[in-house]
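Position in the sequence shown (first residue = 1) + 1 = my numbering. Yeah, the Cβ is synthetic: ideal placement off N, Cα and C, and Gly gets one too.
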Amino acid sequence: MIAMSPSITMTTSTQQKKSGGFLKGLKRMLSGESFFLNHYKAGNEGGTVFLSTTLAGDMMVKELRGEGIIVQGGSYVASSPDITIDMSFQGFKNLISKEGLFWLAVKGQGTVVVNSFGAIYPIQIDGEYIVDTGHIVAFEEHLNFTLTKAGKSWINSILGGEGLVCKFKGQGTVWVQSHNTSTFGAILGPKLKPR
């Protein structure tokens, strides 16, 4: 949160819309999100809340009408009260891809806000499409995907620096970010002075 109207009240809990609690908080932590949720509520006169991202990048507002999206851990920012957030297990191959075992399954009626490292680009899938796992922000839940090697062989994938990629199948949207946090960290890390 950057700023808010004085009419806004903020509460913090592990619960989402009076459900869940401790176990839901643990699930969120496993997917790279916070154990706690901040809840903002406007008074009778309304109000405004300004949100910010952790990394330098865009925020995207997505209206859901009952459908769901899968969100990369760390990309979820906020949602309206009627949106449910649950953990989505993406398989042990995802651990190798450095993106984590769990993503967030976000579903319901209302608004979802996600953020990225850099710009967010929507990619319309109609058939098959390959996306680097480090660049995925979110995708529509009905898209099928498999984690696979980027090159024709494991040697090509490793030497080429790509590792694992997601091969999406179906019709829907994948939102990608222009920058990759792992690559940025690998470049910046050696340049930092030790403490």
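Rounded to whole angstroms, aspartate 59 and phenylalanine 185 show a C-alpha spacing of 17 Å.
According to DSSP, histidine 40 shares a beta bridge with Thr12. DSSP places alanine 106 in the uninterrupted beta strand (DSSP E) bounded by 103-116. Taking the C-beta atoms as reference points, valine 107 is found nearer than 9 Å to valine 72.
Threonine 182 is positioned such that its CB atom lies closer than 9 Å to that of glycine 75. Shown here for glutamine 125: same chain residues with a beta carbon closer than 7 Å to its own, the five before and five after excluded, namely Thr174 in chain order.
In the DSSP assignment, isoleucine 188 falls within the alpha helix (DSSP H) that extends over 182-189. Contact annotation: aspartate 87 and leucine 105 have beta-carbon atoms nearer than 9 Å.
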